[in-house]
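Each residue of the sequence shown is one higher than the one before, starting from 258 at the first, in the working numbering.
Cβ coordinates follow ideal geometry from the N, Cα and C atoms, glycine included.
Computed from a predicted structure; not experimentally measured.
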Amino acid sequence: MAYYQAMGSIPPKRHTQHRRPGRRGRPGALYSEELMGEEGFSSDSSLLYHRAIPSATVGAREWAVGDLSTTPNHPLRPRHLRLHDLFSAKDVAATDVVTGRRLVLGNGDVRLSYVVAGAPSPWYRNAVGDECVYVERGAARVETVFGAFDVAEGDFLVLPRATTHRWLPRRSRREPLRAYCIEAAGHIAPPRRYLSRYGQLLEHAPYCERDLRPPQGPLLAEDVGAQEGDATEVYVKHRGSGPGGIVGTVHELPFHPLDVVGWDGCLYPYAFNVRDFEPITGRVHQPPPVHQVFEGPAFVVCAFVPRKVDYHPLAIPVPYYHSNVDSDEIMFYVDGDYEARKGSGIGKGSVTVHPGGHAHGPQPGAAEASIGVEFFDELAVMVDTFRPLELGEGGRTVDDGEYARSWGRGRS
258 MAYYQAMGSI PPKRHTQHRR PGRRGRPGAL YSEELMGEEG FSSDSSLLYH
308 RAIPSATVGA REWAVGDLST TPNHPLRPRH LRLHDLFSAK DVAATDVVTG
358 RRLVLGNGDV RLSYVVAGAP SPWYRNAVGD ECVYVERGAA RVETVFGAFD
408 VAEGDFLVLP RATTHRWLPR RSRREPLRAY CIEAAGHIAP PRRYLSRYGQ
458 LLEHAPYCER DLRPPQGPLL AEDVGAQEGD ATEVYVKHRG SGPGGIVGTV
508 HELPFHPLDV VGWDGCLYPY AFNVRDFEPI TGRVHQPPPV HQVFEGPAFV
558 VCAFVPRKVD YHPLAIPVPY YHSNVDSDEI MFYVDGDYEA RKGSGIGKGS
608 VTVHPGGHAH GPQPGAAEAS IGVEFFDELA VMVDTFRPLE LGEGGRTVDD
658 GEYARSWGRG RS
């Protein structure tokens, strides 16, 4: 996100001396300056000032990141995946957001996972690409080297590649933390058409910088009841020869990762709540790109929010049938009433897979029934990919096996 922020203690000029407070008239030790940047010094970056040497490790071991194998969607068919069936209530207390994720769908560009978590996660960094985590239900505190976030229902949290962080779910008897995890093989950002040539969000964008929440910080070890010199394990997901080209390593650090006294730049995590997305509507049905929130390498993320719908006197508010010629369309149904899907078995926690090469659209009778409707009360997160997705272990487990036949049945 090319929007400058500065936090904590930084020197007046970059790449110059920045020291700890001195004693008895002597200068303190230098802080370690780290440039965290994208595309080999050619894109957005931030400078972080550490109390420790950020590259120091005293040990490493393998981390089995879970089942990342995928199975082609062959024979080609649309699918309905019931994500709420992936985790039982008795498993939640021991499950964390990092190691407990179950892969639903994936390809070489993006992986979609789901987790219901009640346990604190280990410290973690994804060295493969950026993550965009959508909080379906529940709440959590997320501590990062840039600062902390309090996230809750409806929040997207965008975490740049290699951001060290951990998830601390808020305890709730009513609703555990449910997270839909979008892991890119590159970087996630606002759509380029929303941005000026200098990176400002433009007037026609459905959100602006005021809607983005930066981290609260700086956040240091002593702020979370730890000590600066506490040895800490950090789980690192990185490229390798495992399924999907991904493997894991646990690094043991001789210091606590919360050691950044200050930072500045245009690369940092941020949160955005879906309720701050301003829907774009028209006299006739608008195409999916008007719902776009983010883009990544060969995929986009959209949000369908409660909104007024088409107001032409002859409008048909539900979508027309369409063929995904160039993409797979993955819709995660979060809340509300889905007019176009009535009679299909879709409900909260459902994911539909509409693959490229297959025409899809409203269920039988839905178009006629939608005439005269003025408002859609629905909330869904959609990911469109431009290379075919394959089914992960989680997706294979909760496929209902019936959805492909739903257009042949009458509306219920």
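The alpha helix (DSSP H) that contains Glu650, what's its start and end? Counting from one through the sequence shown, the residue named residue 650 turns up at place 393. Run containing Glu650: Glu650 to Thr654, per the alpha helix (DSSP H) assignment.
Can you look up Glu466 in the DSSP assignment and give me helix, strand or coil? Working through the sequence shown from its first residue, we reach residue 466 at position 209. Taken through DSSP and simplified to helix, strand or coil, Glu466 comes out as helix.
My output table needs one value for Ala321: the three-state DSSP class, helix, strand or coil. Locating residue 321 in the sequence shown gives position 64, counting from the first residue. Coil.
Alpha carbon to alpha carbon, how far is Gly593 from Asp634? Give it in angstroms, no decimals. As a working note, residue 634 is residue 377 in the sequence shown. As a working note, residue 593 is residue 336 in the sequence shown. Cα-Cα distance, rounded: 5 angstroms.
Tell me the DSSP secondary structure of Gly674 in three-state form. The structure shown does not extend to residue 674, since the chain is modelled only from 258 through 669, so no value can be given for it.
Would you kindly work out how many angstroms separate the C-alpha atoms of Asn581 and Pro612, rounded to a whole number? Sequence index remark: in the sequence shown, residue 581 carries index 324 (1-based). Sequence index remark: in the sequence shown, residue 612 carries index 355 (1-based). Computed Cα separation, rounded: 7 angstroms.
Suppose contacts are defined by Cβ-Cβ distances below 8 angstroms. Is Gly606 in contact with Glu659 by that definition? Your numbering for residue 606 matches position 349 in the sequence shown. Your numbering for residue 659 matches position 402 in the sequence shown. For the pair Gly606 and Glu659, the CB atoms are not nearer than the 8 angstroms cut-off.
Runs of alpha helix (DSSP H) lying entirely within the region 344-392, each at least 4 residues, in chain order: Those alpha helix (DSSP H) runs which fall completely within the region 344-392 and span 4+ residues are 346-349.
Could you work out which residue in Trp320, Ala624, Val354 and Val408 is closest to Ser378 when comparing CA atoms only? Here residue 378 is taken as the residue at index 121 of the sequence shown, counted from 1. Considering only alpha carbons, the answer is Val354.
At which residue ranges does the region 397-422 contain complete alpha helix (DSSP H) runs of 4 or more residues, listed in the order of the chain? Taking only runs of at least 4 residues, no alpha helix (DSSP H) segment lies wholly in the region 397-422.
Given Leu685, which residues of its chain have a CB within under 6 angstroms of its CB, disregarding the five upstream and five downstream residues? With the chain represented from 258 up to 669, any question about residue 685 goes unanswered, as that position is not in the structure.
Check: Tyr391 C-beta below 7 angstroms from any heavy atom of the ligand HEM: Only the bare structure without any ligand can be found here, which leaves the ligand HEM out of the picture.
Selection from Ala528, Ala560 and Pro574 that minimises the alpha carbon distance to Gly629: Translated into the one-based positions of the sequence shown, residue 629 becomes position 372. If we check each option's Cα against that of Gly629, Pro574 comes out closest.
Do you know offhand how far Arg668's Cα is from Phe643's? The count along the sequence shown starts at 1 and reaches residue 668 at position 411. The count along the sequence shown starts at 1 and reaches residue 643 at position 386. The predicted model places Arg668 with a pLDDT of 41, which falls under 50 and marks its position as unreliable; any figure quoted below should be read in that light. In a straight line, the C-alpha of Arg668 is about 31 angstroms away from that of Phe643.
From Thr506 to Arg359, what distance separates their C-alpha atoms? Here the question's residue 506 lines up with position 249 in the sequence shown. Here the question's residue 359 lines up with position 102 in the sequence shown. Here the alpha carbon of Thr506 sits roughly 18 angstroms from the alpha carbon of Arg359.
With H, G and I counted as helix, E and B as strand and the rest as coil, what does DSSP make of Val531? Position 274 of the sequence shown, counted from the start, is the residue given in the question as residue 531. Helix, per DSSP.
Exposed unless 16 or more other CB atoms sit within 10 angstroms - verdict on Asp241: Residue 241 cannot be examined here, being either before or after the span of the chain that is shown, 258 to 669.
Taking three-plus beta-carbon pairs below 8 angstroms as touching, is the region 374-393 in contact with the region 459-469? The region 374-393 vs the region 459-469: no contact.
Using DSSP's beta-bridge definition, name the partner residues of Phe298. Counting from one through the sequence shown, the residue named residue 298 turns up at place 41. Under the DSSP definition of a beta bridge, Phe298 lacks any partner.
Going straight from the alpha carbon of Pro329 to that of Leu646, what length do you get? Sequence index remark: in the sequence shown, residue 329 carries index 72 (1-based). Sequence index remark: in the sequence shown, residue 646 carries index 389 (1-based). About 7 angstroms.
Determine the burial state of Phe298: buried for a count of at least 16 other Cβ atoms within 10 Å of its Cβ, exposed for fewer. Start at 1 with the first residue of the sequence shown, and residue 298 comes out as number 41. Exposed, since its Cβ has fewer than 16 Cβ neighbours within 10 Å.
Can you find at least 3 beta carbon pairs, one from the region 478-490 and one from the region 511-519, that sit closer than 8 angstroms? As far as the Cβ criterion goes, the region 478-490 touches the region 511-519, which means the pair count is three or higher.
Tell whether a beta-carbon distance below 8 angstroms holds between Leu636 and Val541. On the sequence shown, residue 636 is found 379 positions in, with the first residue counted as 1. On the sequence shown, residue 541 is found 284 positions in, with the first residue counted as 1. Contact flag unset, no.
Which term fits Gly665, buried or exposed, when burial requires 16 or more other beta carbons within 10 angstroms of its beta carbon? As a working mapping, residue 665 is identified with position 408 in the sequence shown. Under this definition Gly665 is an exposed residue.
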